[in-house]
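J.:
Numbering (this note's numbering), first residue to last: 3 to 195.
1) Which value, in whole angstroms, describes the spacing of the CA atoms of residue 21 and residue 27?
2) Which word fits residue 15, buried or exposed, when buried means at least 16 other C-beta atoms lie within 10 angstroms of its C-beta?
3) Of the residues 64, 114, 126, 116, which one's Cα is nearest the Cα of residue 78?
4) List the whole-angstrom C-beta distance separating residue 24 from residue 151, where the pair is believed to meet the contact cut-off of C-beta under 8 Å.
5) When the Cβ atoms of the segment 99–118 are set against those of the segment 40–57, are three or more pairs found closer than 8 Å?
6) Rounded to a whole number of angstroms, what is the C-alpha to C-alpha distance between residue 69 and residue 155?
7) Using 10 angstroms around the beta-carbon of residue 99, count the other beta-carbons present and answer buried if the total reaches 16, otherwise exposed.
8) Let me confirm a value: residue 163 is counted as buried when at least 16 other C-beta atoms fall within 10 Å, else exposed. Which label applies?
9) Apart from the five residues just before and just after residue 60, which ones in its own chain have a Cβ nearer than 8 Å to its Cβ?
10) Return helix, strand or coil for residue 124, following the three-state DSSP convention.
11) How is the alpha helix (DSSP H) around residue 79 delimited, first residue to last?
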């Protein structure tokens, strides 16, 4: 099953709608969707390494725009949609502590959590809820998401062939490690959020 999904994702990179799918996942992941854009970015960049930088740019722009939606959810809809999303991820009781931390460390929270596997939607929604400055939120989001996606694009461009062989040879193990990393990020965010 993993192999078919991987092959499908590789074939997606040649389709005209691939960029739109990547943008949609990047946008949604920053505000409400649980799957990170890496699941499309990595195979698409391996299939067309000459477009890895373009893909990273699309992920960055779409992620920041999605982050603005997440910020709006936290700022304008926290009592309804924002609370539901935060509670759905199990962080309801820790939001106040996180909000207070924003007053002192907001820029570092955005920069550091934007680079980690901790779901970025938690940062975007809480940034809006905490009333963090929107202009600075956007600037810091561009920096942190850009670094995250462009570093990945650089690694895939530079080491693409060995990484692709490694991925194809050990697909199950790599997917399991990715899932563990994602789960670990969620657990870490519960501990430190």
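Glycine included, every Cβ here is placed at the ideal spot set by N, Cα and C.
Since the structure is predicted, the reported quantities are computational estimates derived from the model, not experimental observations.
T.: Answer, in terms of the structure:
1) 10 Å
2) buried
3) 126
4) Rounded, the Cβ-Cβ distance is 10 Å, inconsistent with contact.
5) no
6) 21 Å
7) exposed
8) exposed
9) 21, 24, 25, 28
10) helix
11) Run containing residue 79: none; DSSP gives neither H nor E here.
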